[in-house]
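What follows is a set of notes on a single structure, which appears directly below.
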Amino acid sequence: MIVGPLLALILLSFGPLVADEAQQPKQLLAWGQKGDKPGEFYSPIGIAISKKDEVFVTDLNNARVQKFATDGTHLGGFDLPLDKPPRKSCIIGGIAIDDKGLIYLAFMNQHKMAVYSETGELVREWGKQGKGDGEFHQPGGIVLFPDGTVYVNDQCNHRIQKFTVDGKFLMTWGGHGSEPGQFGGPEPAGSRFGGPHFLAVDSKRRLYTTEGVFGRVQQFSAEGKPLLAWGDKGDQPGGFGAMETGFSKQTFGPIGICVDKHDRVWVSSLNDKVQAYTPEGKFLFGIGGPGSEPGKFEQPHGMAFDSKGHLYVADAGNQRIQKFEIPNP
Numbered sequence: 112m113i114v115g116p117l118l119a120l121i122l123l124s125f126g127p128l129v130a131d132e133a134q135q136p137k138q139l140l141a142w143g144q145k146g147d148k149p150g151e152f153y154s155p156i157g158i159a160i161s162k163k164d165e166v167f168v169t170d171l172n173n174a175r176v177q178k179f180a181t182d183g184t185h186l187g188g189f190d191l192p193l194d195k196p197p198r199k200s201c202i203i204g205g206i207a208i209d210d211k212g213l214i215y216l217a218f219m220n221q222h223k224m225a226v227y228s229e230t231g232e233l234v235r236e237w238g239k240q241g242k243g244d245g246e247f248h249q250p251g252g253i254v255l256f257p258d259g260t261v262y263v264n265d266q267c268n269h270r271i272q273k274f275t276v277d278g279k280f281l282m283t284w285g286g287h288g289s290e291p292g293q294f295g296g297p298e299p300a301g302s303r304f305g306g307p308h309f310l311a312v313d314s315k316r317r318l319y320t321t322e323g324v325f326g327r328v329q330q331f332s333a334e335g336k337p338l339l340a341w342g343d344k345g346d347q348p349g350g351f352g353a354m355e356t357g358f359s360k361q362t363f364g365p366i367g368i369c370v371d372k373h374d375r376v377w378v379s380s381l382n383d384k385v386q387a388y389t390p391e392g393k394f395l396f397g398i399g400g401p402g403s404e405p406g407k408f409e410q411p412h413g414m415a416f417d418s419k420g421h422l423y424v425a426d427a428g429n430q431r432i433q434k435f436e437i438p439n440p
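Here is the structure:
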C-alpha cells in the first residue's frame, strides 16, 4: 500500500487538471500536523468512514488508529500491536468498517487480517505469512460487501482473496503478470510495488484495484472476472504520472481508490493528484499538484466519502487529512 518513500521526493510538474473552474472540487477543511499527540499524524495512510460519519485514520508511523468527527474534532482512537523485535513496527495496509462499526485492518508486516471494536478491542484475526489459501504476503486494501464477504488485496502474492467476515477462505484470483486479471506488471514477482494496492467497489458490485508502477486500474466482477482496465503513465490530466526519487528511480501511481455515490471512480497517485473517472475509465476531472497549500498534496493515499458526499483524502506526506466538496455530475 505504501508505494514509495515519504521524504526527499522530486516531483515532476504537470498542467491544470480541469478546464472548467466550476468543476473543481473545493477544499472545505484540513487538519493534522506531524507529531504523536492526539490529532497529529506521522504518515496517515488509510481512511474509512462509519455509518455514523466518524472518520477513522490509520496513523502509520505512530502505530495507531485515530477517530475524528467530520469537522476534524479528535474523538479518540487506539494503539496497535507492534511486530516482534527487532523491528517493533506496525504497518497497516488497509482499513474498512462494517455496518456494526467493527474495524477491519490488514497488517502488512504481520501478514494477517484483524477485526477490532471502535474502542480497540480485538474481536478476531486470521491469516499468516505464506502463499496458500487464506495466507498473506503483505495484505493491502480491503472491501466489505453487504452479503458478509470480505475482499483483501494480497500484494506480494499478486492476488485478491475473498473471505467470510469470520475469516473463512472462499476464493482467490490473480497471479503475477501484465495480462487482464494478473497483477504486478514489470515488477519482480514478490514485489509489493506492482500491486494490487487499494481496493474499492461500486453500486453494481464491480471491484476496482490499483497497480503502482504498472500504472493501471483494473475492474472485476464480484466473482473475479476481469471486465476492463485503464491507465496511462503520462503526466497529462488523467494520467497517473511519474515521480523521480532521490535515487533516480521512477515510481508511478496509482495508489488509493474509492467510488462515490454516482459511481465515479476516484484515484490518488504518486504524482500528487486525485482524479475522477467514469466506471469505463474515462477521465472526468481532478485536483492536486505538489505542495502544502489547500488542495495540493504530497503523496495522497487512502480516500473515503461521508454520507453527504464529501471526499476525505489522507495526505500522507503533508501529515494531514483534507476534506473536499465534490461537484455533482
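Numbering (the numbering used here), first residue to last: 112 to 440. The C-beta atom is built at its ideal place from N, Cα and C for all residues, glycine as well.
Three-state secondary structure (DSSP) of residue i
i, result
"G288", "strand"
"L295", "Looking at the sequence itself, residue 295 is Gly, so the reference to Leu does not match. DSSP places G295 in strand when its eight states are reduced to three."
"L422", "strand"
"L381", "coil"
"A427", "helix"
"S359", "In this prediction, S359 scores a pLDDT of 43, lower than 50, which makes its location untrustworthy; no coordinate-derived value is stated."
8 Å Cβ cutoff met for residue i and residue j
i, j, result
"V328", "G406", "no"
"E165", "L186", "yes"
"Q266", "G251", "yes"
"V385", "F408", "yes"
"F247", "T260", "no"
"P411", "D371", "no"
"G306", "T283", "no"
"F394", "P438", "no"
"F396", "Q138", "no"
"I214", "E229", "yes"
"Y153", "K163", "no"
"A258", "D313", "Here residue 258 is Asp; the residue named in the question, Ala, does not match the sequence. Taking 8 Å as the Cβ cut-off, D258 and D313 do not qualify as a contacting pair."
"E298", "H308", "no"
"D170", "R235", "no"
Proximal residues to residue i (C-beta, below 8 Å), its chain only, five neighbours per side dropped
i, result
"P337", "P291, G292, Q329, Q330 and F331"
"A300", "H269 and H287"
"K343", "The residue you asked about is not Lys; residue 343 is Asp in the sequence shown. Only G326, G349, G350 and F351 meet the Cβ criterion."
"H421", "L139, T181, K434, F435, E436 and I437"
"P440", "H373 and R375"
Nearest-angstrom beta carbon gap, residue j and residue i [assumed within contact, 8 Å]
i, j, result
"V263", "Q249", "Actually they do not touch by this definition, with Cβ atoms about 11 Å apart."
"F218", "I206", "Going by Cβ atoms, the distance from F218 to I206 rounds to 11 Å, so no, they are not a contact pair."
"W237", "G183", "Going by Cβ atoms, the distance from W237 to G183 rounds to 34 Å, so no, they are not a contact pair."
"I432", "V168", "6 Å"
"G367", "M414", "5 Å"
"A425", "I158", "5 Å"
"I156", "A427", "6 Å"
"C201", "A180", "Between A180 and C201 the Cβ distance is about 25 Å, and since that is not below 8 Å, they are no contact."
"V378", "P390", "Going by Cβ atoms, the distance from V378 to P390 rounds to 12 Å, so no, they are not a contact pair."
"A311", "V254", "6 Å"
Beta-carbon contacts of residue i that lie in its chain and below 7 Å, excluding the five residues immediately before and after
i, result
"K239", "H222, K223 and E246"
"D210", "K162"
"S380", "F351, G352, G364, P365 and I366"
"C369", "A311, W377, M414, A415 and F416"
"E404", "none"
"G188", "R175, V176, Q177 and K178"
Close beta carbons around residue i, own chain, < 6 Å, minus the five adjacent residues each side
i, result
"E295", "The question names Glu, yet the displayed sequence has Gly at residue 295. The answer, listed in chain order, is H269, H287 and G305."
"T339", "One detail in the question is off: residue 339 reads as Leu in this sequence, not Thr. If we look at L339 and ignore the five residues flanking it on each side, its Cβ neighbours are Q330."
"S289", "G296"
"G399", "D383, K384, V385 and F408"
"K419", "none"
"F256", "none"
"P149", "H185"
"V279", "Contrary to the premise, residue 279 reads as Lys rather than Val in this sequence. Nothing meets the Cβ criterion."
"L216", "I203, I206 and A225"
"L318", "V312 and F331"
"W341", "V328 and G392"
Short CB-CB distance (under 8 Å) between residue i and chain D
i, result
"P250", "The structure shown contains no chain D; it is built from a single protein chain."
task = Would you list, in sequence order, the uninterrupted beta strand (DSSP E) runs of no fewer than 3 residues that lie entirely inside the stretch 188-268?
result = 203-208, 214-218, 223-227, 233-237, 250-255 and 260-265
inquiry  = Give the list of continuous beta strand (DSSP E) stretches no shorter than 3 residues that lie fully inside the stretch 137-171.
reply    = 137-142, 155-160 and 166-170
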